[in-house]
Amino acid sequence: MSFETHRRDVLKIGATAGALAGLGGWGLAQDGYGRRRDKGRTEAMPAIDPDAEPSVKHVIFIAMAGGVRSRETFGTPANVPNLQAMADEGVLYPRMRTSNLGHFGATMSIFTGISEARGIRDNARGTDPTMFEYIRKDLGLRQSDVWVTTSGGPQQTNYSYSVHPDYGPKYGANTLDGDGIFNREFKELLDAYGRPKEMEESEQDLLDKVRKGIGRATDAAENAAATENAAKVEKYILEELTRGTSALRGANSGDAKALRVARNLVSLFKPKMTGVVLQNADVAHGSFNGYSEVIRRNDEAIGEIWTAVKEDPELAYSTAIFVLPEFGRNKDLNSRRGLDHGDGSDDLRYVSGVAWGPGFAKGRVVKDDVRTIDAMYSACNALGAAPALAKGQKLKSLLA
Amino acid sequence: MQERITRSKSLLRFAFVMVALVLGSAPSVAQSGADNDAHSAAKPLPLSQSGEDDQSGAVDDQDGRTVARPVHALDHHMLRTVCLDLLGRPPLPAEREKWIDKDLRDFMKESTASLEFWEHWLEEQLYYFLLINNFRPESEGVQAVPVKMAEGRLNPRQAVHRIVLSPSFEMRNPGADTFVTVVMEQLAGMRVQKKTRELEIGKALYDGNPGVFLEHRGDSQADVVKICVESREFAREFIAREYERMVHKEGLAKSLSSWSRTFHREPVSYRDRVREWFVSEEYMTRLTEQHPLSNRAFVNALHVDLLGRMPTKVEAEPMREALDGLGDSAPLRSILARLLLDSGRVPIPKKSAISDPRKWAASLFPRFFGREASEKELNAVCGALDEPFCRPSTILYALLSHPEYHRF
């Protein structure tokens, strides 16, 4: 049975009966898109696009990459109590179609909205813009408003931006690999050297003056652009190193760090967009039990992010969360009692994703086929950006 | 009779002139071991100028013969760039002293014969296969690669074969689909989406089933690797990526084809190829370009430029891994620079001990940027040093965090 509703009917109801649609839980009037009217005054908003997603203010987009079957997530709810709870309050897509393009290619496709094969160990940026670039360019966001945390090493930093001539590095996301930075070895090195000393303002001014006086004229612009964001990132890294992130261990330590860093970034900076790329589920090749454990632990960490969002008044009613794998895994175990990904089965080609947020439907299960590349389209739309070159389309039946 | 004497004198004069010409183009004794090629481009002084001041930069050496300036004389910029491209680090202080104004060919000959060249080569191969961090091979077979290559007991094809057969490679690429795909893509440069049949055959071999993979019979995972490594496609892919790695551009198709054919026949010829690349026109063009400094090279540069030595593995790997963990590593590079400068380990002169600030400032530019400072830059630095709260480390930090330090 399809749970499709007619969007335009919903729009009519929302537009004409906005005041009756109910006050939001925070006591402020809101229209049918979840946009707030502060103290009786409607905030200045662009004309309503009937096809637009509700205008959320923050998006957390989690690519549960590493290859995760639906059987071990929503097919085994005990493994994913938090994701199940999120699905109960949001929209579940159990038939997200994907392509086995290798981890790197398939995950890149999720962020670009274009399915394109990439070499498994390709370590170069893509040619198609990512959702981070669309959002930054369309909405005029600073780099510090868009973050990606990763767990799979240097290759994954390529998700932050492309080499597309109309987008590229100036619209890229801040990218942090949790395990790369926040690990015991790096912390020990910093402890051995001692932390860098704080610079006095006068010395900082002098530093800027010297930098401007050397090199080419174009270097000055590069200096200035980098300085503001760099200071923020520097400060964050040094602070995060004092928290417990470096000490995280276990089967999903890389993923756990990426998720912990994301949680802290969301709480501290409240970015417009926070992407998270996981990887540890790929341990499945050699161990089914290890893979299941990774799923359970990652679900717990995702639950912590969700809780942090719900407990923050600024984020609770303005944040949307999307979670989906890049592809599944084989139907049958391999000779090592693990699960590879290459048999072309439905277990590999169809995954389950969930979307939760203001204005989204609640408790809906969309059984129609959608594609993993559609998720980024909806995420961009939710913030008001239009991914012009993406081939995906909005997720069906997402809105309430 | 008179005519005969005149003719004899002419002959003698001619013979004398010929001997003078030959002596003028002979290799200098100081440059023992140099290839003849290295000096074939050195022009002998025209007769009319013999004994006159040479305008071409030739220098009288101690035994009275003139020595032509090398065609590719190393200046600070060239030396820094070549060291970074070839060895992944800038020149050590002793190397700057030894090699400035010397011939690039000689430098190439010495450097490519060194153990360090092969150690760096191995690091680059491991990075290419992403066998880093937890996937870094620790097996004796792989650890021994640089020594064996320096001793000529292993060639690059054999070395790559050894790397790909290591347990780390299997761990990095688990499962038939991933393993065979990576081998086909990274060794032979194939796009598996266009070779699905070969992929399936390769996977069957991986599982121990016999088959004909890339036109060769095999029945094991090891055969999948062997067949790819011994293929012409491997030679093409290897040469193309090595050229691009060092020269920072794609090679011309015709040249790549010729080089890869030679490499396929004689893998030991790789070193000669590298030497050729660095004295080619294309590399001279590369010297006019600027390319971003990789994270590994930055860590090495920081240590060489500040401490006069390479970092140890314990120092380098956590730093490189942390830098690789950032999409834009600039903020963390800045932290690492300050970390070293404030650590007390870098020999930074006290401000009061700098008797000639201008001279001290001028010495920093060849060291960090591979070039001389302009007057404007010296004024900027010295102006800052005049300020009471400016420390010498502030100047060093300004240079290390300047965009120019992160290009080469």
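Listed in order, the protein sequences are those of chains E and R. The numbering used here puts the first residue of the first sequence at 997, with every later residue one more than the last. The numbering used here puts the first residue of the second sequence at 287, with every later residue one more than the last. Ideal placement from N, C-alpha and C gives every residue a C-beta, glycine not left out.
- Bounds of the beta strand (DSSP E) holding residue 1348 of chain E are 1346–1352.
- By the rule that beta-carbons nearer than 8 Å mark a contact, residue 1289 of chain E does not touch chain R.
- Not flagged as an interface residue toward chain E: residue 492 of chain R, since no C-beta distance is shorter than 8 Å.
- When the five nearest sequence neighbours on each side are left out, the beta carbons in the same chain lying within less than 7 Å of the beta carbon of residue 1265 of chain E are those of 1140, in order along the chain.
- Non-local beta-carbon contacts of residue 683 of chain R in its own chain, meaning distances under 8 Å to residues more than five positions away in sequence, involve 623, 624, 627 in chain order.
- Under the three-state reduction of DSSP output, residue 1323 of chain E falls in the coil class, being neither helix nor strand.
- By the beta-carbon neighbour count (other beta carbons within 10 angstroms, threshold 16), residue 415 of chain R is buried.
- Taking the Cα positions, residue 495 of chain R is about 42 Å away from residue 1296 of chain E.
- With distances taken between CA atoms, residue 1270 of chain E lies nearest to E:1142 out of E:1092, E:1119, E:1142.
- At a cut-off of 8 Å between beta-carbon atoms, residue 652 of chain R makes no contact with chain E.
- For residue 427 of chain R, there is no enclosing beta strand (DSSP E); the enclosing alpha helix (DSSP H) covers residues 426–429.
- Restricting attention to alpha helix (DSSP H) runs no shorter than 4 residues, the segment 1074–1144 of chain E encloses them at 1077–1085, 1098–1108, 1127–1135, ordered along the chain.
- Secondary structure of residue 460 of chain R (DSSP, three-state): coil.
- Contacts with chain E (Cβ-Cβ distance below 8 Å) from the segment 435–459 of chain R involve 459, listed in chain order.
- Between the segment 1241–1251 of chain E and the segment 1178–1198 of chain E there are three or more C-beta pairs closer than 8 Å, enough to call the two in contact.
- Here residue 438 of chain R is exposed: its Cβ has fewer than 16 other Cβ atoms, across all protein chains shown, within 10 Å.
- Those residues of the segment 1153–1178 of chain E placed with their C-beta closer than 9 Å to a C-beta in chain R are 1153, 1154, 1155, 1156, 1157, 1165, 1168, 1169, 1170, 1171, 1172, 1173, 1174, 1175, 1176, 1177, 1178, ordered along the chain.
- Rounded to whole angstroms, the separation of the alpha carbons of residue 527 of chain R and residue 568 of chain R is 15 Å.
- Counting only the Cα atoms, residue 1096 of chain E lies some 10 Å from residue 1112 of chain E.
- Where residue 1265 of chain E is concerned, the enclosing alpha helix (DSSP H) starts and stops at 1249–1265.
- Put simply, the backbone Cα of residue 686 of chain R is about 11 Å away from that of residue 650 of chain R.
- The bridge partners DSSP lists for residue 1170 of chain E are E:1143.
- For residue 689 of chain R, no pairing in a beta bridge is given by DSSP.
- When DSSP assignments are scanned along the segment 494–560 of chain R, the uninterrupted stretches of beta strand (DSSP E) that are 3 or more residues long and fall wholly within it turn out to be 497–499, 502–504.
- Around residue 1192 of chain E, the beta-carbon contacts reaching into chain R at under 7 Å are 621, 624, 625, 628.
- Within chain E, the residues placing a beta-carbon under 8 Å from that of residue 675 of chain R are 1196, 1198, 1199, 1202, ordered along the chain.
- Identification of chain E residues near residue 515 of chain R by a Cβ-Cβ cut-off of 8 Å yields none; the smallest Cβ-Cβ distance measures about 16 Å.
- Distances from the CA of residue 1304 of chain E to each of E:1291, E:1333, E:1284, E:1260 were compared; the closest alpha carbon is that of E:1260.
- Contact annotation for residue 1336 of chain E against chain R: 460, 461, 462, 463, 464 [CB-CB distance below 9 Å, chain order].
- Taking all protein chains shown into account, residue 420 of chain R has fewer than 16 neighbouring C-beta atoms within 10 Å of its C-beta and is therefore exposed.
- For residue 1116 of chain E, a Cβ of chain R is located within less than 8 Å of the residue's own Cβ.
- Any Cβ of chain E closer than 8 Å to the Cβ of residue 419 of chain R would place that residue at the interface, and such an atom is present.
- When Cβ-Cβ separations below 8 Å define contact, residue 1151 of chain E makes contact with chain R.
- Here the C-alpha atom of residue 543 of chain R lies approximately 9 Å from the C-alpha atom of residue 521 of chain R.
- Nearest CB-CB separation between residue 415 of chain R and chain E: below the 8 Å threshold.
- Against chain E, the beta carbon of residue 423 of chain R has no neighbour under 8 Å; the closest one sits roughly 15 Å away.
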